[in-house]
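Going down the list, the sequences are from chains A and B. For the first sequence, the positions run 77 to 239 when the working numbering is used. For the second sequence, the positions run 7 to 207 when the working numbering is used.
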Amino acid sequence: MHANNFTRRALLAVSGATLVPGIAGLFSPLQAKGIAPTLTMRGGANNYLPGAPIVERIGNGGFWMSGAVLRAGDGMPLAERRIQIWAHTTEGHERDPHSHGATLTDNQGRFQLEMPQIVPAFGQPHGHLAYDDDVEFKTVFLRPVMRNASDTSLSADFVLVPA
Amino acid sequence: MESAKAIFIWCGLALVVILPVAVAANSPLLQWREPIYILAGFAGIVAMATMLCQPLLVGGRLPGLAQRKGRQAHGAVGIILILMVVFHVAGLWVTSPPDMLDALTFSAPTAFSTLGVISMWMLFAAASFALVRSNIRARFWRMGHAICVSLSVLTAVAHAILIEGTMGIWSKTVLCLLVVAATAKVMADIRIWRSFRGWRT
């Protein structure tokens, strides 16, 4: 019994000793490199129209697209960054110019743009976002999918790397 | 009695084919879609419905279309099925070219796109076997057609189930299950596996 306890304790100690550096190993690259950059999603650039105008809202609104734009590594919020947004909505197809619009991030790197309700198209209710500057930071295209078609908001964050 | 059974079978088939189309025709999503997108979607639904008719026809399960007539109809409906799939793909291409291009090049973010394209190629392969049927061994023809059809049916069903579209979930599920069941039943009845036994000889 005593030997059993000892073995169990020894096992716990050994496994604990193995786990600690193991878990630290999982996190250390994050600490070393900071916040990892957002990768362009498959299909993210589909029906992208360069140069969408900055608008107060797209169409008649009713749905909110939001997110944050940060710098990779230190996670510094990036203000005054232009984010382009488009989707298949109650007011038009993805490729329709009036389904597209852009907005700028605030001092905290946050953006939000009101747009018409996104509806399922091509099998999923999804939106498209682009950071398409490519001068200071590399271009990133996102294609977030709504959990529910009845959701009235969707969010996606950009973590950018220098171009 | 026979005619009552015939009426029952035909009405049943008409119901499981018409119901999904009727449910889709009442989908709220239609009001936000252009005509070509709507038609492309319905071509997909009709394609799935013809996939149910195919095993029933070739297996001589539809009253009035037994044996030879059923096989002839199987060929004709096969052509309709292919045309529906071609129209489905073409209509979606017109609706959103980059999304269709992603699907056809197997680089779409959605699994159902890949499954749909695999199903299309397997359908074309199954039809190709039928075209060269007289030039190849009977066993090779039966095996090839059966394998391609099985893969086409399974991937088409997975494609349809994973899509959030105009089809109602219940009518879609019932139609898909019937397609799988009918295909499996007819293949089992003709003991398709006998074509695979000792195929080297």
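Each residue gets a CB set at the ideal place from its N, CA and C atoms; glycine is no exception.
**Asked** Interface residues of chain B around A/Pro196 at Cβ under 7 Å?
**Response** Leu35, Glu170, Gly171
**Request:** On a CA-only basis, which of A/Ile161, A/Gly135, A/Ala121 is nearest A/Leu180? Give me that one, please.
**Result:** A/Ile161
**Request:** Within the same chain, show all residues whose beta-carbon is closer than 6 Å to that of B/Val23, passing over the 5 residues directly before and after it, in chain order.
**Result:** Ala55
**Asked** With 7 Å set as the bound, which would you pick, yes or no: does the beta-carbon of B/Phe202 sit closer than that to a beta-carbon of chain A?
**Response** no
**Item:** Beta-carbon neighbours of A/Ala225, restricted to chain B and to distances below 8 Å
**Value:** Around A/Ala225, the beta-carbon contacts reaching into chain B at under 8 Å are Glu170.
**Request:** Could you work out which residue in B/Phe135, B/Trp16, B/Thr116, B/Val27 is closest to B/Gly174 when comparing CA atoms only?
**Result:** Here the closest residue by C-alpha is B/Val27.
**Beta-carbon neighbours of A/Gln200, restricted to chain B and to distances below 7 Å** = Thr116, Glu170
**Request:** Return no unless some Cβ of chain B is closer than 7 Å to the Cβ of A/Thr166.
**Result:** With respect to chain B, the C-beta atom of A/Thr166 has a partner C-beta closer than 7 Å.
**Residue of A/His174, A/Val235, A/Pro238, A/Asp233 minimising C-alpha distance to A/Val131** = A/His174
**Item:** For B/Leu87 and B/Ala79, believed in contact at Cβ under 8 Å, the rounded distance
**Value:** The Cβ separation is near 12 Å, so there is no contact.
**Message:** Rounded to whole angstroms, what is the Cα-Cα separation between A/Glu190 and B/Ser119?
**Reply:** 30 Å
**Prompt:** In whole angstroms, what is the alpha-carbon distance linking B/Val52 and B/Met106?
**Reply:** 20 Å
**Item:** Supposed contact pair A/Ile111 and A/Gly151 - C-beta distance, whole angstroms, cut 8 Å
**Value:** 4 Å between Cβ atoms; contact.
**Message:** Between A/Gly119 and chain B, is any beta-carbon pair separated by less than 7 Å?
**Reply:** yes
**Message:** Excluding the 5 residues flanking B/Arg197 on each side, which residues of the same chain have their C-beta closer than 6 Å to its C-beta?
**Reply:** Around B/Arg197: no qualifying Cβ.
**Under 9 Å by beta carbon: chain A residues contacting B/Asp195** = Per Cβ cutoff of 9 Å: no residues; B/Asp195 is ~35 Å from chain A at best.
**Prompt:** Roughly how many whole angstroms lie between the Cα atoms of B/Trp176 and B/Gly76?
**Reply:** 29 Å
**Item:** Cα-Cα separation, B/Pro61 to B/Ala49
**Value:** 19 Å
**Request:** Sort B/Ala46, B/Leu157, B/Gly171 by Cα distance to A/Asn224 and report the nearest one.
**Result:** Closest option to A/Asn224, Cα to Cα, is B/Gly171.
**Message:** Can you give me the C-alpha to C-alpha distance between A/Asn136 and A/Met222, rounded to a whole angstrom?
**Reply:** 20 Å
**Message:** 7 Å is my cut-off, CB to CB: does A/Asn122 come that close to chain D?
**Reply:** Among the chains of the structure shown, chain D does not appear; the protein chains present are A and B.
**Request:** Closer than 8 Å, Cβ to Cβ, to anything on chain B: give me those residues from the region 142 to 158 of chain A, in chain order.
**Result:** For the region 142 to 158 of chain A, the beta-carbon criterion of a distance under 8 Å to any beta-carbon of chain B is satisfied by none of its residues.
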